[in-house]
Amino acid sequence: MPTAPHPQNTDELFQALQENDRRPYGRTRTVTAEELVDAAEQFAEPAPLVHALLELQEAYTYGSEPRKSPVVFARLLTLFDEQPDVFDERLRHMLFWRFKWVANALRALPEMPLASLQQWLKEMRDRYEKADLGLQPYYGQAYQLAAHVGEDTTLAYELWAGRTRTRLSDCEACEICERALYHLTAGDDERALSAWEPVLAGKESCQEEPARSVSYALLPLLRTGRTDRARELHLAGYRGCRRNPSMSQEVGRHLEFCALTGNEARGLELLAENRNLFDEVDSPLDLLGFLTGVEVLLQRVEFLGHGELPAAGYAGRTWTVAGLRAEVRGRADDLAARFDARNGTTAHTDRRRARLDRAPLLDTLDLTLRPRSLDDVAPAAPVAEPAARTAAALPDSLPELILRARTLNEQAHPDAHACWARLRTLAAARDYTHPDDPAVGPLVQLRADLLADEANRAGEKDEFADAAALHEEAAALYDDAGEPGHAAFSRACALLATAETPAQGADGAEAKAAALTAAHASLVRLHEETPGLAPYQEARLLRLRATALGLRLQTSGSEEHVAPVLAEVDLLHAFATRHDITGQISGALLLRASTCAISGDLPAAVSEIDAVLDRLKACGPAWHLPRTLGLRGRLQLGLQDAQAAHADLTEGLRLAADWPADTVDTARLHGDLAEACMHLGRPDEALRHLTRSAEVELRRGSRTDAFCAYSNAAQLSLDLGRVEDCIALLDSLLAEPDVAAGELDDRIVAQLRLTRARALHAGEDLKAATAEFVALAAESADWDDDPGSHAMIAAETAVLLSESGEFGRAREAADQALAAHAQAPRYEQLSNCLRELARLQAQQQGPDGLADALALLADAGRIADEARAAEYEAHGRSLDTVLAYEHGRVNAYAGEYEDALAALEKALALLGEPGREDEHAGEWAECVRLAGAVEGIYMERPAPALTRLDAAISSLTVLGHTEETEPLISLAARLRDEE
1164 MPTAPHPQNT
1174 DELFQALQEN
1184 DRRPYGRTRT
1194 VTAEELVDAA
1204 EQFAEPAPLV
1214 HALLELQEAY
1224 TYGSEPRKSP
1234 VVFARLLTLF
1244 DEQPDVFDER
1254 LRHMLFWRFK
1264 WVANALRALP
1274 EMPLASLQQW
1284 LKEMRDRYEK
1294 ADLGLQPYYG
1304 QAYQLAAHVG
1314 EDTTLAYELW
1324 AGRTRTRLSD
1334 CEACEICERA
1344 LYHLTAGDDE
1354 RALSAWEPVL
1364 AGKESCQEEP
1374 ARSVSYALLP
1384 LLRTGRTDRA
1394 RELHLAGYRG
1404 CRRNPSMSQE
1414 VGRHLEFCAL
1424 TGNEARGLEL
1434 LAENRNLFDE
1444 VDSPLDLLGF
1454 LTGVEVLLQR
1464 VEFLGHGELP
1474 AAGYAGRTWT
1484 VAGLRAEVRG
1494 RADDLAARFD
1504 ARNGTTAHTD
1514 RRRARLDRAP
1524 LLDTLDLTLR
1534 PRSLDDVAPA
1544 APVAEPAART
1554 AAALPDSLPE
1564 LILRARTLNE
1574 QAHPDAHACW
1584 ARLRTLAAAR
1594 DYTHPDDPAV
1604 GPLVQLRADL
1614 LADEANRAGE
1624 KDEFADAAAL
1634 HEEAAALYDD
1644 AGEPGHAAFS
1654 RACALLATAE
1664 TPAQGADGAE
1674 AKAAALTAAH
1684 ASLVRLHEET
1694 PGLAPYQEAR
1704 LLRLRATALG
1714 LRLQTSGSEE
1724 HVAPVLAEVD
1734 LLHAFATRHD
1744 ITGQISGALL
1754 LRASTCAISG
1764 DLPAAVSEID
1774 AVLDRLKACG
1784 PAWHLPRTLG
1794 LRGRLQLGLQ
1804 DAQAAHADLT
1814 EGLRLAADWP
1824 ADTVDTARLH
1834 GDLAEACMHL
1844 GRPDEALRHL
1854 TRSAEVELRR
1864 GSRTDAFCAY
1874 SNAAQLSLDL
1884 GRVEDCIALL
1894 DSLLAEPDVA
1904 AGELDDRIVA
1914 QLRLTRARAL
1924 HAGEDLKAAT
1934 AEFVALAAES
1944 ADWDDDPGSH
1954 AMIAAETAVL
1964 LSESGEFGRA
1974 REAADQALAA
1984 HAQAPRYEQL
1994 SNCLRELARL
2004 QAQQQGPDGL
2014 ADALALLADA
2024 GRIADEARAA
2034 EYEAHGRSLD
2044 TVLAYEHGRV
2054 NAYAGEYEDA
2064 LAALEKALAL
2074 LGEPGREDEH
2084 AGEWAECVRL
2094 AGAVEGIYME
2104 RPAPALTRLD
2114 AAISSLTVLG
2124 HTEETEPLIS
2134 LAARLRDEE
């Protein structure tokens, strides 16, 4: 099926060729180019066919289809020989340039005899000499052939590198890469890296560079100790070549880099992202390089004992690491042998063996903000927890294990969880035999214990409905076991869990507060109606009563709910003190401190917490210390004492390592530490805590919380200018199976994509950023419950489209933003968007774009009027002032200098003269500068312009704003020089 309408005339053909040229390389572009060649053949004149063939050869070359590129070039060469006048200077230059493309294509095909490659180079030399062109490009190809074959390249290199460059030489970046590879092959890493520096630093680039050079430079950088540079270039360089068939060798070298730096899990992740390359790379040479990099990775993973892991490979079947490695090895060995047979050497087999025999260069190198091990990517396997305190050894005797679990549970000791986990495994076995021991009790009691533990774990995950059901089931089993105290407590837990279950179709907070009030009343009745409770059971019921009222206060925030909580806390504290129940005494004190905090009395809360800490240090229980320190840290944050908060939270985190991972909410501690670090001006430390918080959430299965923490980490890394870190983190998250399957909350995923799009923009990948923004704007248009977010996304999309010069589409996106803004006002964002669209259009189109630019500013004016009527306070500059300034700038771009000057005078009047402490002095100075430039340079009235500038310089100097005077002084000096 045709991919585009068939051009009916040459104008339509050339337009179609231009549109195809804007497409990314790949099958769509290639197929379209083939169709356009067919279309061009219908026209009598040859020029359209020449252009179409050139486009097709480019599509084949950069689409990794070397077998087809020489065939197309042969047609071009025949046209040139038969009708040279059709080729103007530009077409002639392109034709002779592409002799090199054909040489590269022939080298990549092992079925092409070496004699044919040499014959083609002779043809190239003869053609260049006949056309009186310099031979440096020919000698460059001769050197590359010698290097490919594995001959001694010394003479070939000197014949090429020692010659003066010509207009047909490879670009500077490509030649730098070839010179660096010569030194690298000779074993001189330092000299190679020195040669590469202009490319690695971004001073030289082209279609393939710096991505190609970066991929080769990674290992030399590691060998010379430049690990940070290698990490940085891996992140940026990989993004430049991923999923690109014509850069599959580069992808293979990035996979190899991962394998040799302890990043095997990231390597498998990148392999999955590039699965298309197994089937889309038609170049045997590129495929050999890619497969060898893949094998280096798979070999390392299998060596580490993970050969059974799934791996992304050839389509049509599922692969394990071991199975794919065997397949890849066979194919790559065959390719290397074919090249060596053609070349008469063993160079490709030797190079391949050298890569496979290379030992890891580093045990570990954190490449991204989300480092993962191979254990982390194993399917359906729990993620390993970091090493922590070693729990007491579990008893071997089953009766002892059961009794120990119950004793620890009675104390609320964290080690009870390990006992219950072991018992759950034993009891589930088909051959399980329950002890016949009166002290242990019947099997039904153990089953009730296990259900109660499971219910508690569900409650910790906020799975309240499941927790309530499990508690009820446990209560029934306790009744059967003759344990009324345990049954009463399980029913009490079910009551509280039911009250915490989110209500449907009602006012959430009000409904929850009412449910908690009812639950408390039921808890009191249950307590009063249950005789014979053991002291620890009665204390637990009192704790639940206080907790229910504490949750009600937290939900309602009502002052009248404070006293009831404190009354219940006093009952609990008195009972626990009378019976010396240590854990419940500290629990009561913590509840009192929390109640003070919720009611807004932070100093009192800190005093209460101090007393709790003193008691815990003296009497225990020790496992309450991390949580208590965490609470005091949060209180200190509320009191704006970030240093004290940081100290408490750090100590809490240190002590948390002494207990099982699920004892303390370490994710919360890391998150709070991140906030403290930000207040202390330590953003890099904050970033580490955010990512650790996310990792902890993932380990305990809280994926939504984990992705929210990762989202915050990505935004912070972007704010810190760590663009590649941000993109790599988000790419990893967005590749997660549940994200790809649409199972994660769509708004969280949208936020991740939005941050990634902004990072791509910051990284100057305008094309990719624009495509992502356009997609997000289309999706967010359906967010009927959140038009404000759609307004923001559509506004940003409009700006990127304008930066790309697509002003029609930008206006459409801006209109979408305005429509959403009408439902959920976003005054400042919309004003910023419309003004920036106007500026870009006037800047790029000059007078031709003035009418559209002024229409955009008129819309911005209406936004400013709406904001004023709504008494909206702008967070940044005044909307009226910046609008007047933008009128000045837009008119200046369009050559309407009188209108520009009038608008700038208005902006200055709105701003008013700056004061000594005025934070708008810079804005005022910029208005003066632009007014001076318009009047003095473009209107050719230097005298009044100098008067304006000198007065402003004097005023700003007196006020102490010397930095703001610098651009004014520079402009004044220029005007005086031109007088």
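Each residue of the sequence shown is one higher than the one before, counting from 1164 in my numbering. Quick reminder that beta carbons are idealized off the backbone N, C-alpha and C, glycines included.
{"Query": "Measuring CA to CA, which of D1670, A1674, Y1699 and L1658 is closest to A1684?", "Result": "L1658"}
{"Query": "Less than 7 Å between C-beta atoms, sequence neighbours within five positions excluded: which residues of the same chain meet that for W1946?", "Result": "S1952 and H1953"}
{"Query": "Can you name the start and end residues of the alpha helix (DSSP H) that A2154 belongs to?", "Result": "Here the chain has residues from 1164 to 2142 only, and residue 2154 is not among them."}
{"Query": "Could you pull the start and end residues of the alpha helix (DSSP H) that I1911 belongs to?", "Result": "D1909 to A1925"}
{"Query": "Please state the DSSP three-state secondary structure of P1577.", "Result": "coil"}
{"Query": "With three or more C-beta pairs closer than 8 Å as the rule, is the stretch 1570 to 1580 touching the stretch 1469 to 1484?", "Result": "no"}
{"Query": "Just the C-alpha distance for A1681 and S1895, rounded to the nearest angstrom, thanks.", "Result": "46 Å"}
{"Query": "Based on the DSSP secondary-structure assignment, which residues constitute the bridge partners of W1482?", "Result": "A1474"}
{"Query": "Taking only the alpha-carbon atoms, compute the straight-line gap between A2065 and R1795 and give it to the nearest angstrom.", "Result": "58 Å"}
{"Query": "What is the C-beta distance between E1413 and R1463, in whole angstroms, given that I count them as a contact (C-beta under 8 Å)?", "Result": "About 19 Å separates the two Cβ atoms, so there is no contact after all."}
{"Query": "E2034: which of V1687, P1988 and L1239 sits nearest, CA to CA?", "Result": "P1988"}
{"Query": "Among A1938, T1455, T1329 and A1310, which one has its Cα closest to the Cα of L1964?", "Result": "A1938"}
{"Query": "What does the Cβ neighbour count give for R1270, buried or exposed, with the cut at 16 atoms within 10 Å?", "Result": "buried"}
{"Query": "Give me the Cα-Cα distance between H1214 and A1920, rounded to the nearest whole angstrom.", "Result": "35 Å"}
{"Query": "Starting from the Cα of S1357, find the closest Cα among S1376, S1368 and E1372 and give me that residue.", "Result": "S1376"}
{"Query": "Beta-carbon separation of L2112 and G2095 under 8 Å?", "Result": "yes"}
{"Query": "Is it buried or exposed for S1560, if we count other Cβ within 10 angstroms and need 16 for buried?", "Result": "exposed"}
{"Query": "May I ask you to report which of helix, strand or coil DSSP gives K1624?", "Result": "coil"}
{"Query": "In the DSSP assignment, find the unbroken alpha helix (DSSP H) run with G1951 in it and report its ends.", "Result": "P1950 to E1966"}
{"Query": "For a test of the three-state rule: what should DSSP assign to H1169, helix, strand or coil?", "Result": "coil"}
{"Query": "Rounded to the nearest angstrom, what separates L2019 and Q2004 at their Cα positions?", "Result": "10 Å"}
{"Query": "Could you check the C-alpha separation between R1708 and D1539 for me, to the nearest Å?", "Result": "41 Å"}
{"Query": "Just how far apart, CA to CA, sit A1547 and R1863?", "Result": "In this prediction, A1547 scores a pLDDT of 41, lower than 50, which makes its location untrustworthy; no coordinate-derived value is stated."}
{"Query": "Any heavy atom of the ligand GDP closer than 7 Å to the Cβ of V1937?", "Result": "The ligand GDP is not part of the structure shown, which contains no ligands of any sort."}
{"Query": "Go to E1999, then tell me how far its alpha helix (DSSP H) extends in each direction, as first and last residue.", "Result": "Y1990 to Q2008"}
{"Query": "Does the CB of R1535 have a neighbour CB from chain D at under 8 Å?", "Result": "Here chain D cannot be found, since the structure has a single protein chain."}
{"Query": "Go to G2156, then tell me how far its alpha helix (DSSP H) extends in each direction, as first and last residue.", "Result": "An answer regarding residue 2156 cannot be provided, because it is not within the stretch 1164 to 2142 covered by the chain."}
{"Query": "Are P1361 and E1367 closer than 8 Å when you measure CB to CB?", "Result": "yes"}
{"Query": "Could you tell me how far apart the beta carbons of D1445 and R1230 are, in whole angstroms, since I believe they sit closer than 8 Å?", "Result": "7 Å"}
{"Query": "With a cut-off of 8 Å on the beta carbons, I'd call L1499 and T1512 a contact; round off their distance for me.", "Result": "First, the amino acid is wrong: residue 1499 is Ala here, not Leu. Confirmed, about 5 Å."}
{"Query": "Please report the distance separating the alpha-carbon of A2001 from that of G1926.", "Result": "24 Å"}
{"Query": "When DSSP labels each residue in this structure, what does Q1979 get in the three-state scheme?", "Result": "helix"}
{"Query": "With respect to the alpha helix (DSSP H) encompassing F1206, which residues constitute its N-terminal and C-terminal limits?", "Result": "Note, F1206: premise wrong, no alpha helix (DSSP H); not H, not E."}
{"Query": "Could you check how far apart the C-beta atoms of L2131 and A2088 are, in whole angstroms? I think they sit under 8 Å.", "Result": "6 Å"}
{"Query": "If we call anything under 8 Å between Cβ atoms a contact, is L1176 one with L1199?", "Result": "yes"}
{"Query": "What are the start and end residues of the alpha helix (DSSP H) that includes A1364?", "Result": "Taken as a continuous stretch (DSSP letters only), A1364 belongs to no alpha helix (DSSP H), as it is neither H nor E."}
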